[in-house]
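> Protein chains in written order, with the numbering used here: chain R, 7 to 227; chain B, 894 to 1152; chain W, 65 to 351. Quick one: structure below, then a few questions.
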């Protein structure tokens, strides 16, 4: 593939799309044909995303099939992955096939699997976070330096102040926690957010101008 | 005419872009040579890759839960820039880097980025697309997929750069217990503290966006980072003026920026 | 006990300790008193200012993982809305929020929902609206375009409540129950910001505790007028509703468990630091 197609055309498309979206956001009033046309442009991303989802599914199945056939590392886990993907896909498609007028129909079986297997597993994984927080707090919260000590004290005040036990120990603790949230947290949050916004705008500028192009394809042929 | 409610936003956009471009062109023309402060998290990537090479164990890389269609794509792109740099180092040293994308839309870009890095390192024949392993686009299944692989593959270096949510600590703790050196960065305010506490090195907010320019050592790109300082000075000045004016009973600036 | 070796303790012991102590109050609640904070009070007060017949949105934008935090928040808000005679347009911009929202509506409006007399006039469930922030924006700009039917396939034109709900201008309050994106920031940017700001469309949020610090600048700026901060926020709100409307409380035991978990984590931190200080003072290095 020539360098023009692989390198320069994507840069031109990137630049044009970026400029069009900025103009559309600021100058095309909602509801006008010009704005609707750009909405169509962003809407087309959904098509791309759906196609990428299909590719993701194929890649997933291919990766694990190859792993099973080669008896690769932990290939037994791959069997579970493939069974899970195919089984739930069939259940989902069956629901849609039996109710063609309702594109997002969830059959009773689909809902049962979702509510009793997926929901339980998802909640379990999220709740494991409590254990990770406990072990992270245990090993990482140390009075190493002034900054670490401030972090530790503020963390402890928040922990106590944001649970009923804080109020039971001393009524002032929830007030302190609320103040920490309302004042120092808001200040720090705003500073970081402003920095991030400026950084993101300049990153976009570098990309639109083709200066920073690490995300594009190979530079050499 | 500018759409209603967006005038202040547009004015700020123009100021930030203008300041960034002026700084960029001044640097490109050789009229300024801004120095950039050291970012330990980015400097540590080479150490992490070197360590993984010595131990003969893989490096795990993730770019969080971002895709190309959401508001957080800029973090994902910044993460991909760091992926390119890390992958090139891994190719040079002969270490195995496994990338776990979350959103399938990122996969073609990741393949390109990693392929490019292997070409740069002069080892294009060693590039293996199988090292980009898609684990599914759902938050906790993905996070536990990475967690499981971190333990089983005995990951030596764990690098997480991009938008993260509740899975940040799951990833950081699993990396710690597998004995990996951990470098993590996000601009998601409510997750930064998890990385600061649990990872060996953390990139905070805008450091992530500056990574591509920082690692490239390209003066033009570094010039645009210098421009960010001007924008921050402008913003702080506007805040101070706003505070003084409001205290004096003049609300014009306040009203201009109100949504 | 040798304090110096405590840092080398297997983390699984920490997990077991946490598990056991968290389980105890769940089985036998301590009934610790709940002090209502500023943020939950603001959410309650804002909702109280509305008049019967006002239209409010309740959006279920969360997944199964955060049910323990988000579900009681949504349930409490729907209960207060029903008590005040508000008309509720319930929806979800997360696919996973669709079935979860319906379940919560059944809890509040009765297990026969949507086969209840007030369905279509006082409450309607639109279900999942795809498109994330684009979906939210469309909902605010032209609600009927965002979704042509309710969750059960009834066209918008056949639903009396939707006759009065055409765009964000028709709404008196938006209640965003969220655990991520799209969430409150997208409502501010794509709905509230485009339709008259916080004065025209006040926003109240029920959120997972971890995300609340990120919302505080919006709260300080008045773009969010009330917040339920995780489980504790839901508990505070529940106690307010219990006092005013006799709302049945069910969060005392989980809140006690949360209290115990927080205390245990603090004890872990103290133990870790004692070990750290002792190890350092004897010239050793922490593992």
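No residue lacks a Cβ here, since even glycine has one placed at the ideal position from N, Cα and C.
(1) List, in chain order, every chain W residue whose beta-carbon is nearer than 8 Å to that of residue 1065 of chain B.
(2) Between W/338, W/339, W/321, W/329, which lies nearest to residue 93 of chain W when the distance is taken from Cα to Cα?
(3) Among residues of its own chain, excluding the 5 on either side of residue 1064 of chain B, which ones have a beta-carbon nearer than 8 Å to its beta-carbon?
(4) Check each candidate in W/287, W/136, W/90 and name the one with the smallest Cα separation from residue 295 of chain W.
(5) What's the gap between the Cα of residue 307 of chain W and the Cα of residue 172 of chain R?
(6) In three-state DSSP terms, what is residue 81 of chain R?
(7) Whose Cβ in chain W lies nearer than 8 Å to the Cβ of residue 196 of chain R?
(8) What residues from the segment 1107 to 1121 of chain B come within 9 Å of chain R, judged by C-beta to C-beta, listed N to C?
(9) With DSSP as the reference, identify every bridge partner of residue 1054 of chain B, one or two as the case may be.
(10) Taking the Cβ atom as the reference point for each residue, do residue 150 of chain W and residue 118 of chain W lie within a distance shorter than 8 Å?
(11) Just to confirm, are residue 1120 of chain B and residue 208 of chain R a CB contact at a threshold of 8 Å?
(12) Any idea what DSSP makes of residue 292 of chain W, helix, strand or coil?
(13) With 9 Å as the limit, tell me which residues of the segment 98 to 123 of chain W have their beta carbon closer than that to any beta carbon of chain C; keep them in chain order.
(14) Can you tell me whether residue 91 of chain W is helix, strand or coil according to DSSP?
(15) Helix, strand or coil, according to DSSP, for residue 240 of chain W in the structure here?
(16) Taking 8 Å as the cut-off, does the segment 204 to 219 of chain R touch the segment 1099 to 1106 of chain B (at least 3 CB pairs, one atom from each stretch)?
(17) For residue 1005 of chain B and residue 71 of chain R, what's the separation of their Cα atoms in angstroms?
(18) Once DSSP output is grouped into helix, strand and coil, what is the label at residue 224 of chain R?
(19) With distance defined between alpha-carbon atoms, name the residue in B/942, B/1129, B/897, B/1149 nearest to residue 952 of chain B.
(20) Looking only at its chain, what residues have a beta carbon closer than 8 Å to the beta carbon of residue 97 of chain R, apart from the 5 residues adjacent to it on each side?
(21) Using beta carbons (cut-off 8 Å, strictly below), is residue 129 of chain R in contact with chain W?
(22) Ordered along the chain, which non-local residues of its own chain (more than five positions away) have a Cβ less than 7 Å from that of residue 939 of chain B?
(23) Do the CB positions of residue 1025 of chain B and residue 992 of chain B come within less than 8 Å of each other?
(24) Where does residue 302 of chain W land, buried or exposed, given buried means 16+ other C-beta within 10 angstroms?
(25) How do the segment 895 to 902 of chain B and the segment 27 to 36 of chain R stand: do at least 3 beta-carbon pairs fall below 8 Å, yes or no?
(26) Give the interface partners of residue 1128 of chain B over in chain R, defined as CB-CB distance under 7 Å, in chain order.
(27) Please name the residue or residues paired with residue 156 of chain W in a DSSP beta bridge.
(28) Distance, Cα to Cα, residue 229 of chain R vs residue 84 of chain W?
(29) Would DSSP call residue 1095 of chain B helix, strand or coil?
(30) Can you tell me where the alpha helix (DSSP H) with residue 146 of chain R in it begins and where it stops?
(31) If we call anything under 8 Å between Cβ atoms a contact, is residue 949 of chain B one with residue 998 of chain B?
(32) Is the CB-CB distance between residue 305 of chain W and residue 140 of chain W below 8 Å?
(33) Which residues, in chain order, does the segment 50 to 71 of chain R contribute to contact with chain B at a C-beta distance below 7 Å?
(34) Using the C-alpha atoms, what's the distance from residue 905 of chain B back to residue 154 of chain R?
(35) Go ahead and pull the three-state DSSP assignment for residue 213 of chain W.
(36) Using the Cβ count rule (16 or more neighbours within 10 Å means buried), how would you classify residue 1074 of chain B?
Result, derived from the coordinates:
(1) In chain order: nothing, as chain W lies at least about 14 Å away.
(2) W/321
(3) 955, 1036, 1039, 1040, 1043, 1051, 1053, 1057, 1077
(4) W/136
(5) 22 Å
(6) helix
(7) 281
(8) 1108, 1109, 1111, 1113, 1114, 1117, 1118, 1120, 1121
(9) B/1078
(10) yes
(11) yes
(12) strand
(13) You won't find chain C in this structure, because its protein chains are R, B and W.
(14) helix
(15) strand
(16) yes
(17) 24 Å
(18) In this prediction, residue 224 of chain R scores a pLDDT of 47, lower than 50, which makes its location untrustworthy; no coordinate-derived value is stated.
(19) B/942
(20) 113, 115, 116, 119
(21) yes
(22) 982
(23) yes
(24) buried
(25) yes
(26) 200
(27) W/192
(28) Nothing can be reported for residue 229 of chain R, as the shown portion of chain R is limited to 7 through 227.
(29) strand
(30) 125 to 146
(31) no
(32) yes
(33) 51, 54, 55, 58, 59, 61, 62, 65, 66, 69
(34) 36 Å
(35) strand
(36) buried
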